[in-house]
Amino acid sequence: MDLRNQPVIVETRGPSFEALEAFTEGGQRQVRISRLPAELLDKPDHRNSGDAAFKFTIVRDDRDNDNGNAIFALKSQLGGAFLGLSRSDRRLLLRNIQQPVPDNFRFKLAPNVKPIDDVSVPFNIVALDGLAVHDPSRATEEVLLSLRILKGESKSIDRAVVEQLTVLSAIGEDTEDAATAAPQPSGEPAPESNLDNRSLLDSIREMRYSGELAEAKAALGEYFLDSNLPQTVKSATLLKVARLLAIMSQCVYMRDLEFEQGLTQKFLPWKSLLRQWWEGGDPAVDEELLNVMEQIDLRGDRAQQKIREVAQEMGLKYQALCNFSETGRLIFNGPYCGAFYCDDGNPFIVVAFKGTGILPDFVTDAKYKMTDGNKSSPLQGSLHVGFFNEMVRIQLWKLERQILAKSFPLGGYRVQFWVTGHSLGAAYASVLWSGFLSDLKMQHTTMRDLITFGGPRVGDKKFALHVGSQTGRRKAWRFVNGLDIVPRVPITRPLSFTSYIHVGILVAISRERINLGASEVDYPPPGLPSLIVDKLWDGWKKVFWKVTQNKGAWGAMLDFYRDHALDNGYWKSLKEGAVSIDKVDWP
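All residue numbers for the sequence shown refer to full-length UniProt numbering, where the first residue is 1 and numbers rise by one.
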């Protein structure tokens, strides 16, 4: 994205919606941190000159290149003074100076940060020398800065989902990646619509009657700042939260195939236009296509209706966030996430991830691809390609603002943010939660814990150590039920340069007992000879197809396959095994 001449707001990280404001005192331009006006918070539009005091313009010159990192100055739209730092105490200030500006009036993108081109989502910046920036009024107080490009009213969350579905419906099933992806095993039936939420509603009612639902929601919404997160948690409380999140994780498996097939037929006439747009082109605007997209109503998706019924039974709301892709792959029933949230009282968001619905490459030990996290995200070490997806964060930023605008329009409050997922969705949840720790654009949110069920390994030891260095008092709880096979893959081969280990704290559960297990960072899993790995994989292909579909009927399958199910596996162990918890406080 070209930042040159972009109009921006310079926001500060804190409990309130605040930004830098230019003003005049004693005939001299000054700057201070002030609360954002409502019109700039909700629907920013740089064409409205009424709030020029909060607006700056990005100015770049020929020197502005630091190994590819954008370097720039910020010029106030109120009087034309430049934003800079005092050389003596590093306080922010405004001065009318000539270009090219000196280095203490220059800024750059924070490490591993990329600006967002399609919506006005903040991205972090730092001083040119990378050192601390101080409050203009208090020289001892450090402030964190971010830029929000003013591009008018951004898309709604639902509109972004509709646009994704439009592309998926027309070109998703015949992209090159989709065509070469591992197909369903021979003899297995094609996926079917999954719209039965009766058992989920029964589970929620059971939790409500026992009082567990209220306790779980209270724990999810309990107010914390990043600085005062608890060191330990009551194991009984965590298990109640886990039961609720297991239901959320099962909800996102619901799917309305008829709705999707209807979209496919509707948008096929624009297939080439949509492909051009997806591949980064700039196709001509087709008014008829835009009109058809405007008529798409997500309420016609019966799966969304069924999930919202469960959320309502929880006393919560549900918002579809996005389908997302692995290295450009577009396929229906692919990776997906949605948010269960509370927007009154003590607000919180729980994002639930669903993995791919087909047999994915990353469960094959032989084909599992890892990449340097630094190349695509703030993460360190090697991890599965394509996990760190920008649209998830964009949608969450919008949801955060939506929640706070409703319940806390003046700011001063933080939303508690949790992440969960089952099976392949647990893998996505793990990596995205890790990425959020490093570069979360939701400035008024407290990152809380990760709770996953039956997820495979996603990274190497360097990646796991980096995540551990970022968590602070936050915890990654990975629940493994009985002999569930999925958490045991991918398997490391002896003498291999690529190894796989889990992130976080193992919670081993069964219908008899629940206890904490050893960390794989400290006790790496043993490797197996390549021949054995290959033979095991040949026999596991159909198994993974079954277990990752989350079908409720397991028949005569072996325990280590059946234990992967959410309803008959994890839910029952979380419910029945709790009577034998090994410790009151975890970890």
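The beta carbon of each residue, even a glycine, is placed where N, CA and C say it ideally should be.
In this text, all values refer to a predicted model and were calculated from it rather than measured experimentally.
**Message:** Among the candidates Leu195, Gly454, Ile296, whose CA atom is the shortest distance from the CA of Gly569?
**Reply:** Ranking the options by Cα distance to Gly569, first place goes to Gly454.
**Message:** Please report the straight-line C-alpha distance between Arg457 and Arg208, rounded to a whole angstrom.
**Reply:** Straight-line Cα distance between these residues: approximately 34 Å.
**Asked** Using the rule of at least 16 other Cβ atoms within 10 Å of the residue's Cβ for burial, across every protein chain shown, is Ala427 buried or exposed?
**Response** Within 10 angstroms of the beta-carbon of Ala427 lie 16 or more other beta-carbons, which makes it buried.
**Request:** Can you give me the Cβ contacts of Leu289 inside the same chain, cut-off strictly under 6 Å, excluding the 5 residues immediately before and after it?
**Result:** Once the five neighbours on either side are set aside, the close Cβ partners of Leu289 are Trp270.
**Asked** Of the choices Phe54, Arg60, Phe348, Val292, whose alpha-carbon is the least far from that of Gly315?
**Response** Per the Cα distances, Phe348.
**Message:** If I follow the unbroken alpha helix (DSSP H) through His502, where does it start and stop?
**Reply:** In the DSSP assignment, His502 falls outside any alpha helix (DSSP H) and carries neither an H nor an E.
**Request:** Look up Gln28 in the DSSP assignment and give the residues it is bridged to.
**Result:** Secondary-structure assignment with DSSP links Gln28 through a beta bridge to Glu25.
**Among Leu85, Asp563, Glu163, Ile9, nearest to Arg138 - alpha-carbon criterion** = Restricting attention to Leu85, Asp563, Glu163, Ile9, the CA atom closest to the CA of Arg138 is found in Leu85.
**Sub-8 Å separation of Ile501 and Trp477 beta-carbons** = Not closer than 8 Å, so no.
**Item:** Arg255 - DSSP class collapsed to helix/strand/coil
**Value:** DSSP places Arg255 within a strand segment (E or B) once states are collapsed to three.
**Message:** Suppose you measure from the CA of Ile485 to the CA of His564; what does that come to, to the nearest Å?
**Reply:** Rounded to whole angstroms, Ile485 to His564 spans 7 Å at the Cα level.
**Request:** Please classify Glu212: is it buried, with 16 or more other beta-carbons within 10 angstroms of its beta-carbon, or exposed?
**Result:** Counting every other CB atom within 10 Å of its CB across the protein chains shown gives Glu212 a total of 16 or more, marking it as buried.
**Item:** Distance between beta carbons of Arg29 and Ala81, contact taken as under 8 Å
**Value:** The Cβ separation is near 4 Å, so the contact holds.
**Prompt:** If you drop the 5 nearest sequence neighbours on each side, which residues of the same chain put their C-beta closer than 6 Å to that of Lys461?
**Reply:** So the qualifying residues of the chain are Ile501.
**Request:** For Thr166, count neighbouring Cβ atoms within 10 angstroms of its own Cβ and tell me buried if that reaches 16, exposed if not.
**Result:** By the 16-neighbour rule on beta-carbons within 10 angstroms, Thr166 is buried.
**Request:** Give the single residue among Leu465, Ile247, Ala508 whose Cα lies nearest to the Cα of Asp522.
**Result:** Nearest option by C-alpha distance: Leu465.
**Request:** Give me the Cα-Cα distance between Pro587 and Pro230, rounded to the nearest whole angstrom.
**Result:** Computed Cα separation, rounded: 11 Å.
**Item:** Secondary structure, beta strand (DSSP E): runs of 3+ residues fully inside the region 198-225
**Value:** If only uninterrupted beta strand (DSSP E) runs of at least 3 residues are considered, none is enclosed by the region 198-225.
**Asked** Can you check whether the CB of Met248 is closer than 8 Å to the CB of Ala303?
**Response** Not a contact, by the Cβ cut-off of 8 Å.
**Message:** Between Gly455 and the ligand MG, is there a pair consisting of the residue's CB and a ligand heavy atom that are separated by less than 7 Å?
**Reply:** This structure lacks the ligand MG; in fact it carries no ligand of any kind.
**Item:** Thr446, DSSP secondary structure in three states
**Value:** Collapsing the DSSP output to three states places Thr446 in a strand.
**Message:** Would Val415 and Leu298 qualify as a contact pair, given that the criterion is a beta-carbon distance under 8 Å?
**Reply:** Pairing Val415 with Leu298 gives a Cβ-Cβ distance that is not under 8 Å.
**Prompt:** Is it buried or exposed for Lys406, if we count other Cβ within 10 angstroms and need 16 for buried?
**Reply:** It counts as exposed.
**Item:** Proximity winner among Arg308, Arg148, Asp226, relative to Ile204 (alpha-carbon distances)
**Value:** Out of Arg308, Arg148, Asp226, Arg308 has the C-alpha closest to the C-alpha of Ile204.
**Asked** Can you check whether the CB of Leu145 is closer than 8 Å to the CB of Val10?
**Response** Inclusion of Val10 and Leu145 in the CB contact set at 8 Å is warranted, their separation being smaller than that value.
**Item:** Local conformation of Pro456 per DSSP, three classes
**Value:** Three-state DSSP puts Pro456 in coil, outside helix and strand.
**Message:** So Asn197 and Val126 are supposed to be a Cβ contact under 8 Å. How far apart are they, rounded?
**Reply:** Contact doesn't hold; Cβ gap of about 47 Å is too wide.
**Cβ distance (whole Å) where Phe224 is taken to contact Thr420 below 8 Å** = Their Cβ separation, rounded to whole angstroms, is 18 Å, which puts Phe224 and Thr420 out of contact at 8 Å.
**Asked** On the premise that Val392 lies in contact with Cys342, defined as a C-beta separation below 8 Å, what is that separation, rounded to the nearest angstrom?
**Response** 20 Å between Cβ atoms; not a contact.
**Prompt:** Apart from the five residues on each side of it in sequence, which residues of its chain come closer than 6 Å, Cβ to Cβ, to Val101?
**Reply:** Answer for Val101: Ala73, Phe82, listed in chain order.
**Request:** Compute the Euclidean distance between the alpha carbons of His444 and Tyr413, then round it to the nearest angstrom.
**Result:** Going from the Cα of His444 to the Cα of Tyr413 covers about 7 Å.
**Message:** Comparing C-alpha positions only, which one of Leu437, Asp202, Glu18, Ser573 sits nearest to Lys475?
**Reply:** Among Leu437, Asp202, Glu18, Ser573, the Cα nearest to that of Lys475 belongs to Leu437.
**Asked** First and last residue of the alpha helix (DSSP H) that includes Thr471?
**Response** First-last of the alpha helix (DSSP H) with Thr471: 461-471.
**Message:** Do Phe105 and Ile97 have their beta-carbon atoms positioned less than 8 Å apart in this structure?
**Reply:** Closer than 8 Å, so yes.
**Asked** Taking the Cβ atom as the reference point for each residue, do Val503 and Val480 lie within a distance shorter than 8 Å?
**Response** Cβ atoms of Val503 and Val480: not closer than 8 Å.
**Request:** Tell me, please, which residues DSSP counts as bridged to Leu74.
**Result:** Its beta-bridge partners are Ile58.
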